[in-house]
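Undergrad: Position in the sequence shown (from 1) plus 150 gives the number in our numbering.
Below is a structure I'd like to ask you about.
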Amino acid sequence: MYALSVMLTIDPAHAEDFKEAALRQAANTKANETGCLAFEVFVSADDPTRFYLHEAYVNKAAVEDIHDKSPYMAEFRKTTRNWVVARERLCWNSAGQG
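This is the structure we're talking about:
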């Protein structure tokens, strides 16, 4: 399994718009990518401009060859590009639990 943890800070003027776009992105990914095991969108309980995207895939290729190249990913990036103040993306390999 291969997972992504994406932490973002969004311009306060676009936090609600970002939430809607991220939820749409998650729905598109789960509906269209058989390699996607999970895609959840979280918003900080303390700061409505801080988001955490938790994504899990069957392997790294499911991200690089399918997810990152999908038309809805391109649209999501284009739509949200100017809303993102800070972004950190961490990649994880399964430690063998299944």
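Virtual Cβ for every residue (Gly too), placed ideally from N, Cα, C.
#1: Can you tell me where the alpha helix (DSSP H) with Thr-230 in it begins and where it stops?
#2: Exposed or buried, which one is Cys-241 when buried takes at least 16 other CB atoms within 10 Å?
#3: Helix, strand or coil for Ala-188? Go by DSSP, reduced to three states.
#4: Exposed or buried, which one is Phe-192 when buried takes at least 16 other CB atoms within 10 Å?
#5: Using three-state DSSP, classify Thr-179 as helix, strand or coil.
TA: Let's see:
#1: Looking at the DSSP string, the run of the alpha helix (DSSP H) that includes Thr-230 is 221 to 230.
#2: exposed
#3: strand
#4: Counting the other Cβ atoms within 10 Å of the Cβ of Phe-192 gives fewer than 16, which makes it exposed.
#5: Helix at Thr-179.
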